[in-house]
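*Asks:* Can you keep this structure in mind? I'll have questions shortly.
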Amino acid sequence: MRILKELFDNNKAWAARKNEENAEFFSKLAQGQAPPYLWIGCADSRVPANEIIGLDPGEVFVHRNVANVVVHTDFNCLSVLQYAIEVLKVEHVIVCGHYGCGGVAAAMQDQPYGLIDNWLRHIRDVYEHSELGPDDGLDPKTRHDKLCELNVAAQVHNVCHTTIVQDAWRRGQNLAVHGWIYALTDGLLRDLDLCISSPEHLSKTFRMKPSPRAS
Ligand code: CO
Numbered sequence: 465m466r467i468l469k470e471l472f473d474n475n476k477a478w479a480a481r482k483n484e485e486n487a488e489f490f491s492k493l494a495q496g497q498a499p500p501y502l503w504i505g506c507a508d509s510r511v512p513a514n515e516i517i518g519l520d521p522g523e524v525f526v527h528r529n530v531a532n533v534v535v536h537t538d539f540n541c542l543s544v545l546q547y548a549i550e551v552l553k554v555e556h557v558i559v560c561g562h563y564g565c566g567g568v569a570a571a572m573q574d575q576p577y578g579l580i581d582n583w584l585r586h587i588r589d590v591y592e593h594s595e596l597g598p599d600d601g602l603d604p605k606t607r608h609d610k611l612c613e614l615n616v617a618a619q620v621h622n623v624c625h626t627t628i629v630q631d632a633w634r635r636g637q638n639l640a641v642h643g644w645i646y647a648l649t650d651g652l653l654r655d656l657d658l659c660i661s662s663p664e665h666l667s668k669t670f671r672m673k674p675s676p677r678a679s
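Taking the working numbering, the leading residue of the sequence shown gets 465, the next gets one more, and so forth.
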């Protein structure tokens with residue numbers, strides 16, 4: 465008996481449905497991909513990228529990790545970013561967090577969780593540098609929601625500060641980085657109005673000198 469038979473049955477039904485809708489669906493996808501979007505989101509099972517933005521396979525390149533964190537030394541995320549921007553030439557990078565994020569909640573607590581605390585440390589830094597804290601006058605849920613938003617903002621900036629994005633802008637490549645947040649309670653996305661599409665939108669500290677080859 466096949467292990468996890470239900471999932472294979474689901475897959476068979478899905479593939480048949482796609483074929484029925486469009487007989488060339490899989491043969492076209494097999495030829496290559498040219499998605500215009502890169503999605504960087506949380507690994508949370510309730511925030512499936514393709515589904516919530518209504519896109520089919522081939523339409524969005526996806527990277528997900530705990531609490532949608534973009535770390536300068538994470539070669540996994542950086543490799544995704546490089547491939548998406550330099551090879552696929554995506555025009556939009558979307559960093560999407562979500563309210564009620566367990567990773568963000570864990571980063572606000574004193575409770576140790578082991579290895580993952582090292583990962584969540586990046587969010588704890590965002591918390592530490594924010595005006596949020598036990599004395600901010602907010603109820604815990606609002607504080608948590610606010611940190612979910614601030615975490616998206618921080619990660620949008622981290623994306624923009626990478627050599628990959630900076631080089632793309634220097635080459636004159638069209639590239640915008642967006643910060644969104646998703647609510648588990650109503651299934652809707654909110655635009656945090658953080659769109660960054662050129663180095664001029666960044667603080668001076670993070671503007672690299674134009675390279676000679678670009679001038
Ligand atoms: Co999450």
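Glycine residues also receive a C-beta, built at the ideal position from the N, C-alpha and C atoms. In this text the structure is predicted, and so the values were computed from the model without any measurement.
1) Which of helix, strand or coil does DSSP assign to residue 570?
2) Tell me whether residue 615 sits in a helix, a strand or coil according to DSSP, three-state version.
3) Roughly how many whole angstroms lie between the Cα atoms of residue 641 and residue 655?
4) When you measure from the CB of residue 647 to every non-hydrogen atom of ligand 1, does any distance come out below 6 Å?
5) Out of curiosity, what's the CA-to-CA distance linking residue 575 and residue 662?
6) Which residue comes first and which comes last in the beta strand (DSSP E) that contains residue 524?
7) What's the call for residue 644, buried or exposed, on a 16-neighbour Cβ count within 10 Å?
8) Could you check whether the region 617-625 touches the region 595-609, counting it as contact only if at least three pairs of C-beta atoms, one from each stretch, sit closer than 8 Å?
9) Which of helix, strand or coil does DSSP assign to residue 560?
10) Would residue 452 be called buried (16 or more neighbouring beta carbons within 10 Å of its own) or exposed?
11) Using a Cβ-Cβ cutoff of less than 7 Å, which residues in the same chain neighbour residue 648 once the five nearest sequence positions on both sides are dropped?
12) Would you list the one or two residues that DSSP bridges to residue 655?
13) Where does residue 545 sit, in a helix, a strand or coil, going by DSSP?
14) Please confirm if the region 484-499 is in contact with the region 548-558, defined as three or more CB-CB distances below 8 Å between the two stretches.
15) Going by other Cβ atoms of all chains shown within 10 Å of its Cβ, with 16 needed for buried, is residue 678 buried or exposed?
16) Find out if the Cβ-Cβ distance for the pair residue 624, residue 666 is shorter than 7 Å.
17) Which residue wins for smallest C-alpha separation from residue 659, given the options 639, 653, 588, 671?
18) DSSP has residue 405 in a bridge; who is on the other side?
19) How should residue 490 be labelled, buried or exposed, when 16 other C-beta atoms within 10 angstroms of its C-beta is the threshold for buried?
20) Hey, residue 612 and residue 568 are a contact pair by Cβ (cut 8 Å); roughly how many whole angstroms apart?
21) When a residue counts only if its C-beta is closer than 6 Å to some heavy atom of ligand 1, which residues count, in chain order?
*Replies:* By the coordinates alone:
1) Translated into the one-based positions of the sequence shown, residue 570 becomes position 106. Note: residue 570 maps to helix in three-state DSSP.
2) Position 151 of the sequence shown, counted from the start, is the residue given in the question as residue 615. In the three-state DSSP reduction, residue 615 falls in the helix class (H, G or I).
3) Looking up residue 641 in the sequence shown gives position 177. Looking up residue 655 in the sequence shown gives position 191. The alpha-carbon atoms of residue 641 and residue 655 are separated by roughly 12 Å.
4) In the sequence shown, counting from the first residue as 1, residue 647 sits at position 183. No, ligand 1 has no heavy atom inside 6 Å of this Cβ.
5) Here the question's residue 575 lines up with position 111 in the sequence shown. Here the question's residue 662 lines up with position 198 in the sequence shown. The alpha-carbon atoms of residue 575 and residue 662 are separated by roughly 40 Å.
6) Sequence index remark: in the sequence shown, residue 524 carries index 60 (1-based). Residue range 524-529 is occupied by the beta strand (DSSP E) that includes residue 524.
7) Against the sequence shown, residue 644 aligns to sequence position 180. Residue burial annotation: residue 644 is buried, with at least 16 other C-beta atoms found within 10 angstroms of its C-beta.
8) No, the region 617-625 does not touch the region 595-609.
9) Walking along the sequence shown from the start, residue 560 turns up at place 96. It is a strand residue.
10) One cannot answer for residue 452 here, as it falls past the ends of the chain, which runs 465 to 679.
11) The residue labelled residue 648 in the question sits at position 184 within the sequence shown. Around residue 648: 510, 562, 563, 564.
12) As a first step, residue 655 is located in the sequence shown; it is residue number 191 there, counting from the start. Looking at the DSSP assignment, residue 655 forms a beta bridge with 644.
13) As a working note, residue 545 is residue 81 in the sequence shown. In the structure shown, residue 545 sits in a helix (DSSP, three-state: H, G or I).
14) With the cut-off at 8 Å, the region 484-499 and the region 548-558 touch.
15) Within the sequence shown, numbered from 1, the residue matching residue 678 stands at position 214. In this prediction, residue 678 has a pLDDT of 47, which is less than 50 and means its spatial position is unreliable; what the coordinates show is noted afterwards. Residue 678 sits exposed, since fewer than 16 C-beta atoms from the chains shown fall within 10 Å of its C-beta.
16) Taking the sequence shown and counting its residues from 1, one reaches residue 624 at position 160. Taking the sequence shown and counting its residues from 1, one reaches residue 666 at position 202. Result yes, Cβ atoms of residue 624 and residue 666 sit closer than 7 Å.
17) Translated into the one-based positions of the sequence shown, residue 659 becomes position 195. Nearest in C-alpha terms to residue 659, of all of 639, 653, 588, 671, is 639.
18) The chain is shown only over 465 to 679; residue 405 falls outside these bounds and no answer can be derived.
19) Working through the sequence shown from its first residue, we reach residue 490 at position 26. Taking every protein chain shown into account, the CB of residue 490 has fewer than 16 other CB atoms within 10 angstroms, so this residue is exposed.
20) Sequence index remark: in the sequence shown, residue 612 carries index 148 (1-based). Sequence index remark: in the sequence shown, residue 568 carries index 104 (1-based). That pair is a contact at about 5 Å.
21) Any heavy atom of ligand 1 within less than 6 Å of a residue's beta carbon puts that residue on the list, which reads 506, 508, 531, 562, 565, 566, 567.
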